[in-house]
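Q:
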Amino acid sequence: MVSRHALVTGATGGLGRALVGDLLGQGYRVTATGRDARIGATLGTRFVAADLVTDPIEPLVEGVDAVFHLAALSSPWGAAETFRRINIDATERLLRASRNAGCSAFVHASTPSIYAERRDRIGLTEDSPVAARFANGYAATKHAAENLVLAADAPAFRTVSLRPRAIVGPHDSVLLPRLMRAARRGRFPLPGGGHALIEPTDVRDAALAFAAADRRRERAGGHAINISGGDPRPLRQLLDLLFARMGADVRYVPVPAGLALAVAGAMERIAALLPGRPEPPATRYTIMTLAYSQTLRLDRANTLLDWSPRHNVEAMVDHALTSRESCDA
């Protein structure tokens with residue numbers, strides 16, 4: 001089999017680093033791009049520091065067979081215009097350039113945040129309705145970008161959009177750092193009492209799913225596909241496991257979901273008035289993800305990608321913390 005050439009955007013993030021390593025292990029030639037040249041130099045493959053909003057894109061996709069578009073503004077807080085430029089405009093630019101360059105596959109990282117509402121949502125399929133009102137600019141712009149990607153699917157240019165849930169791994173810059181800061185404070189607010197079902201995904205499993213989307217592109221083309229660890233646990237149980245592995249003594253403070261949302265809303269309004277609109281200590285989106293259950297059906301991933309998660313929550317947490325210690329040493 002002739003080696004395929006892959007472009008991975010967002011390659012210096014946690015998922016990007018795992019995917020680059022996985023693709024190289026499968027025999028791909030990989031061009032990686034991102035904004036952090038220091039991390040890029042450690043990836044073991046050709047790296048190009050690039051801004052997908054402003055820099056020329058055509059040189060990146062020249063001679064590329066498969067594009068894995070992971071780059072995004074993944075934040076619970078930010079300006080609407082910034083979300084639009086990074087999550088929609090950059091995706092549209094890359095999509096057009098990839099198609100014009102003759103790429104045969106375009107795999108996009110979407111998000112199950114598009115389902116998030118102020119209620120429990122269990123057993124969601126890809127055909128389940130998205131939120132009537134998106135929780136934040138991230139969810140809204142990722143949904144718009146996903147629509148662009150799937151609408152571009154064609155026999156010679158297969159497009160797939162994966163929706164990975166709560167990725168956990170050693171290079172995570174969003175979820176684990178926030179939880180670790182909470183552990184150091186010794187107190188953790190539990191919106192809704194910690195009963196909501198959370199379904200994290202091991203970064204190793206997520207990387208395998210993205211690689212599978214290229215291999216199975218003829219079957220998967222034109223589809224959005226849920227990805228998760230398939231092992232939902234109550235928030236309190238997940239936190240108990242994480243803090244025990246960290247050796248942290250943390251006291252939980254149960255907070256009614258409605259009260260937590262009201263407080264977060266007040267914090268957002270105050271932050272919006274401050275210079276630079278800094279991210280508040282809590283956002284309504286963050287509270288929603290902790291206070292309400294969301295679980296995903298993986299039937300489509302099983303059928304179209306021949307993929308299923310390999311790592312349970314215990315293995316996921318151990319890998320994330322152990323590898324993180326070695327990385328930070």
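Under the numbering used here, the first residue of the sequence shown is numbered 1, with each subsequent residue one higher.
For every residue, glycine included, the Cβ atom is placed at its ideal position computed from N, Cα and C.
(1) Leu95 and Leu148 look like a contact to me (Cβ under 8 Å); what is the Cβ gap, rounded to whole Å?
(2) Going by CA-CA distance only, name the one from Arg158, His143, Tyr252 that's closest to Ile114.
(3) First and last residue of the alpha helix (DSSP H) that includes Val255?
(4) Would you tell me roughly how many angstroms separate the C-alpha atoms of Ala116 and Thr141, rounded to the nearest one?
(5) Are Arg165 and Val253 touching if we call contact CB-CB under 7 Å?
(6) Classify Thr201 as buried or exposed, calling it buried when 16 or more other Cβ atoms lie within 10 Å of its own Cβ.
(7) May I have the straight-line CA-CA distance separating Arg99 from Asp22, to the nearest angstrom?
(8) Let me check one thing: in DSSP terms, what residues is Ile88 bridge-paired to?
(9) Which two residues bound the contiguous alpha helix (DSSP H) that contains Arg284?
(10) How long is the line joining the alpha carbons of Gly102 and Phe47, rounded to whole angstroms?
(11) What's the call for Arg204, buried or exposed, on a 16-neighbour Cβ count within 10 Å?
(12) Report all residues from its chain with a CB closer than 6 Å to the CB of Val255; omit the five preceding and five following residues, and keep chain order.
(13) Rounded to whole angstroms, what is the Cα-Cα separation between Thr91 and Thr295?
(14) So Asp172 and Gly14 are in contact, right, with Cβ under 8 Å, and what is the actual spacing, rounded?
(15) Nearest by alpha-carbon distance to Gly348: which of Leu73, Ala291, Thr45 is it?
(16) In whole angstroms, give me the CA-to-CA distance for Ser87 and Pro76.
(17) Counting C-beta neighbours from all protein chains within 10 Å, is the total for Ser228 16 or more, i.e. buried, or is it exposed?
(18) Reducing DSSP to helix, strand and coil, say where Arg184 ends up.
(19) Ignore the nearest five residues each way along the sequence and tell me which others in Leu150's own chain have a CB closer than 7 Å to its CB.
A: Reading it off the structure:
(1) The residue given as residue 95 occupies position 95 in the sequence shown. The residue given as residue 148 occupies position 148 in the sequence shown. Yes, Leu95 and Leu148 are in contact; Cβ-Cβ is about 6 Å, under 8 Å.
(2) For the purposes of this step, residue 114 is identified with residue 114 of the sequence shown, where counting begins at 1. The shortest Cα separation from Ile114 among Arg158, His143, Tyr252 belongs to His143.
(3) Numbered from 1 along the sequence shown, position 255 holds the residue referred to as residue 255. Unbroken run through Val255 is the beta strand (DSSP E), 251-255; no alpha helix (DSSP H).
(4) Position 116 of the sequence shown, counting from 1, holds the residue named residue 116. Position 141 of the sequence shown, counting from 1, holds the residue named residue 141. Their backbone Cα atoms lie some 14 Å apart in a straight line.
(5) Along the sequence shown, read from residue 1 onward, the residue named residue 165 stands at position 165. Along the sequence shown, read from residue 1 onward, the residue named residue 253 stands at position 253. Their beta carbons are not under 7 Å apart, which means Arg165 does not touch Val253 by this criterion.
(6) Counting from one through the sequence shown, the residue named residue 201 turns up at place 201. That one is buried.
(7) For the purposes of this step, residue 99 is taken as residue 99 along the sequence shown, with counting starting at 1. For the purposes of this step, residue 22 is taken as residue 22 along the sequence shown, with counting starting at 1. One C-alpha to the other measures close to 24 Å.
(8) Within the sequence shown, residue 88 is the residue found at index 88, counting from 1. According to DSSP, which records beta bridges pairwise, Ile88 is partnered with nothing at all.
(9) For the purposes of this step, residue 284 is taken as the residue at position 284 of the sequence shown. Unbroken alpha helix (DSSP H) run through Arg284: 284-291.
(10) Taking the sequence shown and counting its residues from 1, one reaches residue 102 at position 102. Taking the sequence shown and counting its residues from 1, one reaches residue 47 at position 47. The alpha-carbon atoms of Gly102 and Phe47 are separated by roughly 21 Å.
(11) Numbered from its first residue, the sequence shown carries residue 204 at position 204. Arg204 should be labelled buried.
(12) Taking the first residue of the sequence shown as 1, we reach residue 255 at position 255. Counting only Cβ-Cβ distances below 6 Å, and skipping sequence neighbours, we find Pro189, Pro191.
(13) Sequence index remark: in the sequence shown, residue 91 carries index 91 (1-based). Sequence index remark: in the sequence shown, residue 295 carries index 295 (1-based). Thr295 has its alpha-carbon roughly 27 Å from the corresponding atom of Thr91.
(14) As a first step, residue 172 must be located in the sequence shown, where it is residue number 172. As a first step, residue 14 must be located in the sequence shown, where it is residue number 14. Contact flag correct, Cβ pair sits at about 5 Å.
(15) Absent from the model: residue 348. The displayed extent of the chain is 1 to 329, so no value can be given.
(16) Along the sequence shown, read from residue 1 onward, the residue named residue 87 stands at position 87. Along the sequence shown, read from residue 1 onward, the residue named residue 76 stands at position 76. A small fix is needed here, since residue 87 is Asn in this sequence, not Ser. About 14 Å.
(17) Locating residue 228 in the sequence shown gives position 228, counting from the first residue. So Ser228 ends up on the buried side.
(18) Numbered from its first residue, the sequence shown carries residue 184 at position 184. Note: Arg184 maps to helix in three-state DSSP.
(19) For this step, residue 150 is matched to residue 150 along the sequence shown. Thr159, Ser161, Gly222, Ala224.
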